Structures are given as structure tokens and as C-alpha cells.
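This note's numbering applies: residue -18 is where the sequence shown begins, and numbers increase by one.
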Amino acid sequence: MPLPQDTIVRTLFAARVRLSAGAWLIVRDTQAAEDIFQDVCVKALDALAKGATFENEARLISWAQVT
-18 MPLPQDTIVR TLFAARVRLS AGAWLIVRDT QAAEDIFQDV CVKALDALAK GATFENEARL
42 ISWAQVT
């Protein structure tokens, strides 16, 4: 069963530090890393609105790390 919107948001925010840290390793700028995290959240919700599904939390996090 695909994840509902509230679970997607909760999962992304639970992984915020890890996702932002991964972005920071690339850009070496704290504010840019936070902006990237926010963009990933918006893209996840936009993808959901367009019919994409995330099967489970692990796949969501994997998608977020690649995006």
C-alpha cells in the first residue's frame, strides 16, 4: 500500500538531519543544504500529486537521497 501524504512528510522530516547532511557534503553550505532539503520535500509532494507512489519509507528515503 502506498504511503499517504502525512506519512511522507513525517518520514522526510524525521530524516531531515541525514538528508541535509548529505546535501551539505556536496555543497558545503548550510543554508543551501537546508534549501535542498526543502526542495526535496516539495518535489515529493508534487510527485505524489502527479500520481507517483512511494511503496514504503525506505524507498522514499532512497528517492530523496537521489533527488
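Glycine included, each C-beta is placed from N, C-alpha and C at the ideal position.
Keep in mind that this is a model prediction, so the values were computed, not measured.
In this structure, the alpha-carbon of ALA28 lies about 15 Å from that of GLU38.
Distances from the alpha-carbon of ARG(-9) to those of GLN46, LEU41, THR48 and VAL47 put LEU41 closest. From the listed residues GLY32, ALA30, ASP20 and LYS31, the smallest Cα separation to VAL47 is found for ASP20.
Between LEU(-16) and PHE18, the gap from beta carbon to beta carbon reaches 8 Å or more.
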